[in-house]
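First comes the structure, then the notes that go with it.
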Amino acid sequence: MKAIEVENLSYSYPDGTPALDGVTFSVLKGESIALLGPNGAGKSTLLLHLNGLLRGSGLVRIMDREIEEHSLGWIRSQVGVVFQDPDDQLFMPTLKEDVAFGPRNMGLSEAEVQKRVRWALESVGLLNLSERSPHHLSFGQRKKASLATVLSMRPMVLVLDEPTSNLDPRSKTEMIRLIRKLQAEGTTLVTATHDVNTVPLLADRILLLNRKLVSNGEAREILQRRELLRELGLEMPLFADLFLELRAEGCYSGPTPFTKEEAKAAIRNYFKK
Ligand SMILES: Nc1ncnc2c1ncn2[C@@H]1O[C@H](COP(=O)(O)OP(=O)(O)OP(=O)(O)O)[C@@H](O)[C@H]1O
Ligand SMILES: [Mg+2]
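Heads up, the sequence shown is in my numbering, so the first residue is 1228 and it goes up one at a time.
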């Protein structure tokens, strides 16, 4: 089943800045895809269309329901968008009230609200800060807090805008693990990023965006296209870059590694020979 369908979506901001031009793609239920593109490519703009916060020309459907004025309430209960800037998402006096806000609005019982607050804060590792004011948290902590405010609504489709930016290495690894865990539980995920090294870990497919949809395909295939990435001001993931150069020099003939484990296996094989 298609969780998201976008057809010929175009959008210009009120001041006339063009941001999206004829974008068409779909995402299956339970898929995790990455939206990759340089600064200003329209990633955030596209994400804001997925729950109707922005309305361009063209069609957006969530689980076969078109985004229209009368479906907005339902759409927002299905699609949770975590903004690029956490300060756009946090507004209550304490973190736990911020995380409770969504589920309370959904009319859930207080017991269920508290259960979800606990689970969401635990999932992002902030349970011990639940009494703090969100505005007294560090940027990385606010990034995680803004995810918790959306997680607590347990949306079917989770849209993340640069979720790993400003996170320390351990937090980044935990974020990737959380994304994959939610996917395994059936959540559909769309993650905007320009972190090419993280993409293969968190997504199977890439939408390469530069106002238009430049490419749509398997993550590992697109991340080996050096020229295409360079044209967009992006680069190849470190391990893939290294091993493709070695391959061009005739020193390597195996599959392209994308993770440290894969690179290690490739090097181990070489020494065995
Ligand atoms: N509120 C706005 N008013 C006018 N133009 C805007 C507005 N927000 C964004 N833009 C413009 O729209 C284009 C797309 O911006 P967008 O924020 O979607 O890019 P992005 O791919 O998310 O970039 P980044 O990687 O920096 O987050 C850019 O040219 C940007 O300057
Ligand atoms: Mg953005």
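We put the CB at the ideal spot given by N, CA and C, even for glycine.
> By how many angstroms is the C-alpha of proline 1427 removed from the C-alpha of alanine 1493?
Replying inline: 17 Å
>> Once the 5 residues before and after alanine 1246 are set aside, which same chain residues still bring their CB inside 7 Å of it?
In response: So the list reads Tyr1238, Ser1239, Tyr1240, Gly1269, Thr1272, Arg1438, once near-sequence residues are dropped.
>> Measuring only the C-alpha atoms, how far is alanine 1261 from threonine 1418?
In response: 5 Å
> Between the region 1275 to 1293 and the region 1331 to 1346, are three or more C-beta pairs nearer than 8 Å?
Replying inline: no
> Distance, Cα to Cα, lysine 1499 vs aspartate 1325?
Replying inline: 55 Å
> Should asparagine 1266 be listed as close to ligand 1, given that the test is whether its C-beta is under 7 Å from any heavy atom?
Replying inline: yes
> Of the choices Leu1455, Thr1483, Tyr1479, Glu1476, whose alpha-carbon is the least far from that of leucine 1465?
Replying inline: Thr1483
> Where the beta carbon is closer than 7 Å to any heavy atom of ligand 2, which residues qualify, in chain order?
Replying inline: Per the CB criterion, closer than 7 Å to any heavy atom of ligand 2, the qualifying residues run in chain order as Lys1270, Ser1271, Gln1311, Asp1388, Glu1389, Ala1419.
>> Applying the 10 Å Cβ sphere with the 16-neighbour rule, what's the burial state of asparagine 1355?
In response: exposed
>> Which same chain residues end up closer than 6 Å to glycine 1307 when comparing Cβ atoms and leaving out the 5 residues on each side of it in sequence?
In response: Contacts found: Val1377, Met1380, Pro1382, Leu1385.
>> Could you tell me the alpha carbon to alpha carbon distance between alanine 1446 and histidine 1363, rounded to whole angstroms?
In response: 37 Å
> Under the rule that 16 or more other beta-carbon atoms within 10 Å means buried, what is aspartate 1315, buried or exposed?
Replying inline: Classification for aspartate 1315: exposed.
> What residue range is occupied by the uninterrupted beta strand (DSSP E) comprising arginine 1447?
Replying inline: No beta strand (DSSP E) contains arginine 1447, which is instead part of the alpha helix (DSSP H) from 1446 to 1449.
> For the beta strand (DSSP E) that valine 1507 lies in, which residues bound it at each end?
Replying inline: Outside the displayed span of the chain (1228 to 1500) sits residue 1507, for which this structure offers no information.
> Is aspartate 1248 near ligand 1, judged by its Cβ being under 7 Å from some heavy atom?
Replying inline: For ligand 1, not one heavy atom lies less than 7 Å from the Cβ of aspartate 1248.
>> Since proline 1313 and serine 1373 should fall inside the 8 Å C-beta cutoff, what is the C-beta to C-beta distance between them, to a whole number of angstroms?
In response: 4 Å
> Can you give the beta carbon distance from leucine 1394 to isoleucine 1406, rounded, assuming they're within the 8 Å contact cut?
Replying inline: With a Cβ gap of about 12 Å, leucine 1394 and isoleucine 1406 do not count as contacting.
> Roughly how many angstroms separate the alpha carbons of aspartate 1242 and glycine 1283, rounded to a whole number?
Replying inline: Here the alpha carbons of glycine 1283 and aspartate 1242 stand approximately 14 Å from one another.
> Does DSSP classify threonine 1415 as helix, strand or coil?
Replying inline: Strand at threonine 1415.
>> Tell me which residues share the same chain as isoleucine 1294 and place their Cβ nearer than 6 Å to its Cβ, disregarding the 5 neighbours each side in the sequence.
In response: Gly1279, Val1287, Ile1302.
> Can we count aspartate 1431 as close to ligand 1, meaning its CB is less than 7 Å from some heavy atom?
Replying inline: no
> Could you give the residue range of the alpha helix (DSSP H) that holds lysine 1323?
Replying inline: 1322 to 1332
> Got a sec: does ligand 1 put a non-hydrogen atom nearer than 7 Å to the Cβ of aspartate 1242?
Replying inline: yes
>> Under DSSP, the beta strand (DSSP E) around aspartate 1388 begins and ends at which residues?
In response: It spans 1384 to 1388 - the beta strand (DSSP E) in which aspartate 1388 sits, taken as one unbroken run.
> Helix, strand or coil: which one does DSSP assign to arginine 1407?
Replying inline: helix
> Can leucine 1434 and asparagine 1443 be called in contact, C-beta distance under 8 Å?
Replying inline: yes
> Under 8 Å between the Cβ atoms of leucine 1436 and leucine 1263?
Replying inline: The criterion of a C-beta distance shorter than 8 Å is satisfied by leucine 1436 and leucine 1263.
> For glutamate 1476, which three-state DSSP category applies?
Replying inline: coil
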